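K.L.:
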Amino acid sequence: MSATQTRPVGLLAQYETPADLLHAALEVRDAGYSKWDVYSPFPIHGMDAAMGLKNSKVGYFTFAGGITGFFSGMLMIWFMNKFDYPIVVGGKPLFTPLFAFPVSYELTILLGAFGTLFGMAFLNRLPKLYNPLFNVERFRRVTDDKFFVYIEAIDPKYSAESTRSLLEKTGATAIEVVED
Amino acid sequence: MANAAAMSAGAAPSSKKGGAHSHPAPPKIVAAAPPRELERYPLVLNNRPLNWITERIAGVCEKPMPIWWWPAFIVSFGGMMLMAGLVTYLIATGVGVWGLNQPAAWAWDITNFVFWIGIGHAGTLISAVLCLLRQKWRTAINRAAEAMTLFAVACAGIFPVVHTGRVWMALWWLPPIPNNMAIWPQFRSPLLWDVFAVSTYGTVSLLFWYTGLVPDLATLRDRATCKIKRLLYGFFSLGWTGSNRNWSNYEKAYLILAGLSTPLVLSVHSIVSFDFAVSQVPGWHTTIFPPYFVAGAIFSGFGMVLTLMLPMRALFHLEDIITVKHVELMCKVILATGSMVGYAYGMEFFIAWYGGSPYELYAFKNRAFGPYWWAYWSMITCNVISPHLFWSKKIRTNMVLVWIIAGFVNVGMWFERFVIIVTSIHRDYLPSSWGYFTPTWVDVFTFVGSFGLFMTLFLLFIRYLPAIAISEVKAVTPQADPHHPLGGAKEHHH
């Protein structure tokens, strides 16, 4: 890092309370920024609305996983017990969705859970083990008790002066240039 | 609700006032009375600041373990090795080293399996069902309870696999792989459903637990003082930053996982009960089994949560986070599920008589007054009588008594499974097929050893991972609420 040249990639502002962060988010949103985010040690009630975020899309991944699980369970049991090697056991039918249900049900949940977790990781672009924010010493307290707003330099509305003055106006207790 | 309102009349307003004045931040003006919900009993006592919560919980696994940890670990590890040795002995010799024989071909092995699986259920109940019901108190106990679930499922899984005797053959019975005759497993058997249920349960519990851990691993990463810790916690926290765009997806994923785990946990013990209920054996062939097993599982699981959590709370000084109120609520869950279990015992007997099947009635008479009467009455004493002590608030708030009663619940629920399994099969239809199961020393010490495995994993867990969900506990404090004065709300806002 130190060997190569670093360049500023955005501005990071620190806040002391969730309320300050919430109001800063409202101001940044209303100023029309798009490449920005807020950081907090825990999810803050009302922050999604304050940032103007839409409902999370994780559910679609869950649904896809669950549907896959259910039908692959049914198909697997039909294939194994009726199609590939039918054996009559206890005079029961070779296949009905009834006895195939418990296993298909478990597979619905299993693949639904995997879909949820991987969908969440995909939407969040995780794992992402390097992040320029990790270069900022004070940012280490984001997982403890401090709150941050970060506006990226690639945002079309970004300018070193006006963005800084906006963040100052929102009551930031510290503002720092993030370098990468 | 009424209870919460009654509580708030006592504790909450005084602590709220005290908090507003003693809080180090500049004086805030209260815009309006906080929402009613916040006037409930505080979930973290003494208005601890956010940083205190981080320090206290992360401190447990960052500082060297207290001196008692080592003897506890060595004893547990010895137990685990004992189990490993006995399982090896069994595999090398045959299942005959256990007391299994005809007619009782299932005994301690399956008893232990159902016992451990049941214990796991409290973890999922706390993490999933209480999440959906918006029971915020769950945050103080869900992490350790979920860890307990995973370790209990690990203990449970060993017994049915080992009881097959030739475990190397189990590869063809358990996963859907054709055997050497190209025959597939047959899915009409509840035993195969059970394989899918338990393995799904273990996997989903692990995913849920890990999802919950990610933000806290990031906390440990950011606090790490040595490079190895920073790298390891950093790797497993996936680069978590606490970004709200991430939190938004994360919260949704967490809610969905709770929504998936709730029907899962109900299905797992229902399917475990199908192992018995779908058979024709008098004493097993009853429709009450699925709900009765689920209630019993939650009952025993909360017993184990209290057994583990009360010493942890005292030894690591977590009294402000796992408050007496938390313990009381858990006692109430035990009381409720214990009452359901007691009802099921009664209803089983009633149906055995009312159903008019002489074999069914005999199985139940034999259960209570036959050669295993001692097991039956131990079960009744522990499971039907002891939870009702929790009607008394004096008992619920006495940590020593709660711990002792929770121990009785654990013992009672082990006996319940033993009673259901062994008393139903030790006397077959013909008196020539009657027998009396006695455990061998291998039976006994394999079970004892499984506690070693369980405790080894649990001790390592509290050594290396945050035993309480740091971010979730913070999120339920007033300091985390942007509309509460302690969260920084000022008059001109809202």
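Note that the protein sequences, when read in sequence, are chains A and B. Quick note on numbering: this note's numbering labels position 38 of the first sequence as 89, and the sequence is numbered without any gaps. Quick note on numbering: this note's numbering labels position 90 of the second sequence as 1029, and the sequence is numbered without any gaps. Where a beta carbon is used, it is the ideal one built from N, C-alpha and C, also for glycine. Please read all numbers here as calculations on a predicted model, not as lab measurements.
Identify which residue in Ser1239/B, Ile1237/B, Gln1219/B and Ser1209/B has its Cα closest to the Cα of Ile1227/B.
P.N.:
When only C-alpha atoms are compared, the closest one is Ser1209/B.
K.L.:
Short of 8 Å in beta carbon distance, which residues of its chain neighbour Lys220/A, apart from the five on each side in sequence? Order them along the chain.
P.N.:
Cβ within range, chain order: Glu78.
K.L.:
Quick check: is the beta carbon of Trp1076/B nearer than 7 Å to any beta carbon in chain A?
P.N.:
It does not: the Cβ of Trp1076/B has no partner Cβ on chain A nearer than 7 Å.
K.L.:
Which residues, in chain order, does the segment 184-203 of chain A contribute to contact with chain B at a C-beta distance below 7 Å?
P.N.:
Cβ contacts with chain B: Leu184, Arg191, Val193, Thr194, Asp195 and Asp196.
K.L.:
Run through DSSP, which three-state label would Tyr1375/B get?
P.N.:
Three-state DSSP puts Tyr1375/B in coil, outside helix and strand.
K.L.:
Any idea if Phe122/A is buried or exposed, counting beta-carbon neighbours within 10 angstroms, 16 or more meaning buried?
P.N.:
So Phe122/A ends up on the exposed side.
K.L.:
For Lys1166/B, count neighbouring Cβ atoms within 10 angstroms of its own Cβ and tell me buried if that reaches 16, exposed if not.
P.N.:
Counting Cβ neighbours within 10 Å, Lys1166/B comes out exposed, since fewer than 16 surround it.
K.L.:
Note down, in chain order, each residue of its chain lying with its Cβ closer than 6 Å to the Cβ of Thr1078/B, except the 5 sequence neighbours on either side.
P.N.:
Closer than 6 Å at the Cβ level, and outside the excluded window around Thr1078/B, lie Ala1408, Glu1411, Val1412 and Val1415.
K.L.:
With DSSP run on the structure shown, which of helix, strand or coil describes Gln65/A?
P.N.:
In this structure, Gln65/A counts as strand in the three-state DSSP scheme.
K.L.:
Can you check DSSP and say which residues form a bridge with Ile226/A?
P.N.:
Its beta-bridge partners are Ala64/A.
K.L.:
Is any beta-carbon of chain A found at less than 7 Å from that of Ser1182/B?
P.N.:
Closer than 7 Å: yes.
K.L.:
Would you list, in chain order, the members of the segment 1210-1237 of chain B that have their beta-carbon closer than 8 Å to a beta-carbon of chain A?
P.N.:
Per Cβ criterion, the list reads Ile1210 and Phe1213.
K.L.:
Using C-beta distances below 7 Å, list every residue in its chain close to Pro1115/B, excluding the 5 sequence neighbours before and after it, in chain order.
P.N.:
For Pro1115/B, where only same-chain residues beyond five positions count, the Cβ hits under 7 Å are Trp1123 and Pro1124.
K.L.:
Here's the rule I'm using: 16 or more other beta-carbon atoms within 10 Å means buried, otherwise exposed. How should Asp196/A be labelled?
P.N.:
Buried is the call here.
K.L.:
Which ranges would you report for the alpha helix (DSSP H) in the segment 1245-1304 of chain B if only whole runs of at least 4 residues count?
P.N.:
Listed in chain order, they are 1263-1293.
K.L.:
Please classify Asp135/A as buried or exposed, where buried requires at least 16 other C-beta atoms within 10 Å of its C-beta.
P.N.:
Answer is exposed; the Cβ neighbour count stays below 16.
K.L.:
Exposed or buried, what is Pro1405/B when buried is set at 16 or more other beta-carbons lying within 10 Å of its beta-carbon?
P.N.:
Buried.
K.L.:
Let me check understanding here. Comparing Cα to Cα, which of Gly110/A, Ala76/A and Val109/A lies closest to Ile95/A?
P.N.:
Taking only the C-alpha atoms, the option nearest Ile95/A is Ala76/A.
K.L.:
Which whole-angstrom value describes the C-beta separation of Met1022/B and Thr1385/B, a residue pair presumed to lie in contact below a C-beta threshold of 8 Å?
P.N.:
Right, the Cβ-Cβ distance comes to about 6 Å (below 8 Å), so this counts as a contact.
K.L.:
Report the partner residues of Ser1182/B according to the DSSP bridge assignment.
P.N.:
Partner(s): Tyr90/A.
K.L.:
Output, in chain order, the set of chain A residues within a Cβ distance shorter than 8 Å of Arg1448/B.
P.N.:
With chain B covering 940 to 1433 only, the question about residue 1448/B has no answer from this structure.
K.L.:
Using DSSP's beta-bridge definition, name the partner residues of Arg1366/B.
P.N.:
Partner(s): Trp1373/B.
K.L.:
Please list, in chain order, the chain A residues whose beta carbon lies closer than 8 Å to that of Val1143/B.
P.N.:
Within chain A, the residues near Val1143/B are Ile160, Leu161 and Ala164.
K.L.:
Looking at C-alpha atoms only, which residue of Val1053/B, Phe1098/B and Arg1306/B is the closest neighbour of Ser1212/B?
P.N.:
Per the Cα distances, Val1053/B.
K.L.:
Suppose the cutoff is 7 Å on Cβ atoms and the five residues either side in sequence are ignored; what does the same chain contact list for Ala997/B look like?
P.N.:
Excluding positions up to five away in sequence, the list reads Thr1158, Leu1159, Arg1162, Pro1405 and Ile1409.
K.L.:
Taking C-alpha atoms, which residue in Gly1033/B, Asn986/B and Phe1090/B lies nearest to Ile1401/B?
P.N.:
For Ile1401/B, the nearest C-alpha among the options comes from Phe1090/B.
K.L.:
In chain B, what lies closer than 9 Å to Phe122/A by C-beta?
P.N.:
Ordered by position in chain B, no residue passes the 9 Å Cβ test against Phe122/A, which lies about 15 Å from the chain.
K.L.:
Compare the C-beta of Trp1123/B with all C-beta atoms of chain A and state if any pair is closer than 7 Å.
P.N.:
It does; some Cβ of chain A falls within 7 Å.
K.L.:
Using a Cβ-Cβ cut-off of 7 Å, state whether Met52/A counts as contacting chain B.
P.N.:
Low confidence applies to Met52/A: its pLDDT is 47, below 50, so where it sits in the model is not reliable, and the reading given next is rough at best. No, Met52/A does not count as interfacial toward chain B.
K.L.:
Alpha carbons only, please: which of Phe93/A, Val140/A, Leu161/A and Ala82/A is nearest the one belonging to Ala1197/B?
P.N.:
Checked all of Phe93/A, Val140/A, Leu161/A and Ala82/A; the closest Cα to Ala1197/B is Leu161/A.
K.L.:
Name the chain B residues that come within less than 7 Å of Ile128/A, Cβ to Cβ?
P.N.:
In chain order: Phe1126.
K.L.:
Pull up the distance between the alpha-carbon of Trp1037/B and that of Val1106/B, whole angstroms please.
P.N.:
Each residue's alpha carbon lies about 15 Å from the other.
K.L.:
If you check the beta carbons only, do Ala1192/B and Thr194/A fall under 7 Å apart?
P.N.:
Not a contact, by the Cβ cut-off of 7 Å.
K.L.:
Report the partner residues of Glu203/A according to the DSSP bridge assignment.
P.N.:
The partner list for Glu203/A (beta bridge, DSSP) reads Gly61/A.
K.L.:
List the whole-angstrom C-beta distance separating Gly1222/B from Ser1128/B, where the pair is believed to meet the contact cut-off of C-beta under 8 Å.
P.N.:
Not quite, the Cβ-Cβ distance comes to about 20 Å (not below 8 Å), so this is no contact.
K.L.:
Just confirm the distance between the C-beta atoms of Leu1249/B and Met1338/B, as a whole number of angstroms; I'd bet it's less than 8 Å.
P.N.:
Yes, Leu1249/B and Met1338/B are in contact; Cβ-Cβ is about 6 Å, under 8 Å.
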